[in-house]
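Enquirer:
In the working numbering, the protein residues as written are -15 to 112.
(1) Would you mind working out which of 43, 25, 46, 45 sits nearest residue 36, comparing C-alpha positions?
(2) Could you give the residue range of the beta strand (DSSP E) that holds residue 34?
(3) With residue 10 and residue 47 assumed to form a contact (beta carbons below 8 Å), what rounded beta-carbon distance in angstroms separates them?
(4) Could you tell me the distance, in whole angstroms, from the CA atom of residue -7 to the CA atom of residue 95?
(5) Skipping 5 residues on each side, what residues in its chain have a beta carbon closer than 8 Å to that of residue 82?
(6) Return helix, strand or coil for residue 85, following the three-state DSSP convention.
(7) Under the rule that 16 or more other beta-carbon atoms within 10 Å means buried, what is residue 134, buried or exposed?
(8) Note down, in chain order, each residue of its chain lying with its Cβ closer than 7 Å to the Cβ of residue 56, except the 5 sequence neighbours on either side.
(9) Could you say which of 69, 93, 88 lies nearest to residue 34 if we only look at CA atoms?
(10) Is it true that the CB of residue 84 sits closer than 8 Å to the CB of residue -13?
(11) Alpha carbon to alpha carbon, what distance is there between residue 54 and residue 64?
(12) Let me make sure I understand the geometry here. Which of 6, 88, 40 has the alpha-carbon closest to that of residue 20?
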């Protein structure tokens, strides 16, 4: 599963309307996102309009292609475009993807592997 985080900038004078629209996303849009592989999708908005999105998917390319093939996404993106600064493409194509630099579960899993190996080859260490 891939974790995807992205950033966009909502126009400050449109923040309240943006929040209202996302409080009641169209049911067909919700179903399309789910059917095309978007999981655990959340949006976070700062008071200055900085928007951070996060979702998980088996394949970012497949998830984006799946949504691009739906008419509901075309309608939604057309309506959402007016909320963003400096986008020459639709919001779902124009987001800035952020690089993940830390994940607790990944590091704990790696630590567990290392500790298991150490315990296997150095049994006295596991007794401490």
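Don't be surprised by glycine CBs; every beta carbon is placed ideally from N, CA and C.
Expert: In short, the structure shows the following:
(1) 25
(2) 34 to 41
(3) That pair is no contact at about 18 Å.
(4) 37 Å
(5) -11, -10, -9, 36
(6) coil
(7) Here the chain has residues from -15 to 112 only, and residue 134 is not among them.
(8) 10, 12, 13, 16
(9) 69
(10) yes
(11) 16 Å
(12) 40
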